[in-house]
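In our numbering, the protein residues as written are 23 to 360.
From the three backbone atoms N, C-alpha and C, an ideal C-beta is built for every residue, glycine too.
Everything on this sheet refers to the single structure shown next.
In structure tokens form, the structure reads like this:
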């Protein structure tokens with residue numbers, strides 16, 4: 023068995039993740055802790071290990087800017103792009119799915135992981151997701167302001183704001199009345215946790231369709247005209263949506279569109295109105311709008327309706343390394359930092 027000596031509440035998750043990827047005969051001792059950094063002895067080798075929280079690309083970029091880099095980073099579920107960046111920098115990584123890559127001295131570990139990361143937050147309801155989207159788009163965190171744009175009842179909005187406050191994503195400025203205000207504590211944390219929740223609650227219904235894809239934007243405009251003529255709300259997301267708001271990817275290999283409906287039958291009806299045929303492996307993917315806010319506030323760029331940027335960000339972030347890089351570029355453009 024590994025020998026574990028945990029010093030405080032910051033240590034257990036870091037140590038537990040390390041323990042899971044080490045051979046059982048190897049001892050693991052924590053000798054010192056300074057904030058999120060621990061000095062641990064793995065066998066006879068001393069390592070500096072840093073806890074990085076969720077472990078997305080921005081967190082890893084920040085860590086790699088430190089003058090004294092850690093030997094190993096540990097996170098809840100380190101993203102593919104973050105793993106690649108850490109490996110290129112010569113920093114080992116471990117996450118709570120059991121995946122790991124460590125090459126330090128005689129310690130060589132390479133594991134793909136085979137389980138889901140532990141869930142430490144309650145589930146997000148569609149209403150909470152929609153309210154979070156509104157806040158990330160700059161809507162004030164009051165019942166009155168969110169009600170004007172979200173399509174939800176004032177009671178459900180009040181409950182959603184209370185939930186986000188309970189999770190310490192919002193802090194209260196005043197306590198009474200529909201105009202009583204809260205404010206977002208940390209926009210980046212809210213965006214990260216929202217995007218993680220989106221990944222776990224993607225609409226189950228989807229329909230792939232065959233389309234000519236010589237010029238994706240022209241194709242989507244033509245499809246959009248058909249949807250408009252049929253009175254079907256629609257909006258581009260993923261790489262298509264990002265191409266309109268913050269171009270980054272040089273090639274768009276497929277298109278994701280949200281359309282009205284909840285079931286596969288609704289998606290088939292939308293495809294019929296757009297004169298496209300369902301096809302296994304088709305490049306066009308139709309999905310139902312995930313929230314009322316996404317449907318009601320989709321904007322338009324150059325003849326293409328576009329989902330709210332936080333939803334596009336969340337959809338992009340979980341489709342591989344290039345998708346995550348495009349998502350971070352989108353965030354920087356929307357925040358005015360690029």
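Asked: Can you check whether the CB of residue 305 is closer than 8 angstroms to the CB of residue 233?; Found: yes
Asked: From the DSSP output, in three-state form, read off residue 234 for me.; Found: coil
Asked: Just to confirm, is the Cβ distance from residue 326 to residue 268 under 8 angstroms?; Found: no
Asked: Identify, in the order they occur along the chain, each residue of the same chain with its Cβ nearer than 6 angstroms to the Cβ of residue 149, setting aside the five sequence neighbours on each side.; Found: 174, 178 and 182
Asked: Where does residue 189 sit, in a helix, a strand or coil, going by DSSP?; Found: coil
Asked: Tell me the DSSP secondary structure of residue 177 in three-state form.; Found: helix
Asked: Just to confirm the assignment, what range does the beta strand (DSSP E) spanning residue 362 have?; Found: The structure shown does not extend to residue 362, since the chain spans only 23 to 360, so no value can be given for it.
Asked: Taking just the CA atoms, how far does residue 349 sit from residue 220?; Found: 14 angstroms
Asked: Does the pairing of the segment 289-300 with the segment 312-319 give three or more beta-carbon distances under 8 angstroms?; Found: no
Asked: Tell me where the beta strand (DSSP E) around residue 155 begins and ends.; Found: Note, residue 155: premise wrong, no beta strand (DSSP E); alpha helix (DSSP H) at 148-158.
Asked: Output needed for residue 129: all residues of its chain with C-beta closer than 7 angstroms, excluding positions within five of it in sequence on either side, in chain order.; Found: 64 and 67
Asked: Within the same chain, show all residues whose beta-carbon is closer than 6 angstroms to that of residue 358, passing over the 5 residues directly before and after it, in chain order.; Found: none
Asked: From the DSSP output, read off the bridge partner residues of residue 67.; Found: 64
Asked: Taking the alpha carbon of residue 322 as the point to measure from, which residue in 110, 153 and 265 has its own alpha carbon closest?; Found: 265
Asked: Taking the DSSP output, what are the residues bridged to residue 280?; Found: 257 and 309
Asked: Please classify residue 53: is it buried, with 16 or more other beta-carbons within 10 angstroms of its beta-carbon, or exposed?; Found: exposed
Asked: What are the boundary residues of the alpha helix (DSSP H) that residue 168 is part of?; Found: 165-172
Asked: Taking C-beta to C-beta, are residue 278 and residue 255 nearer than 8 angstroms?; Found: no
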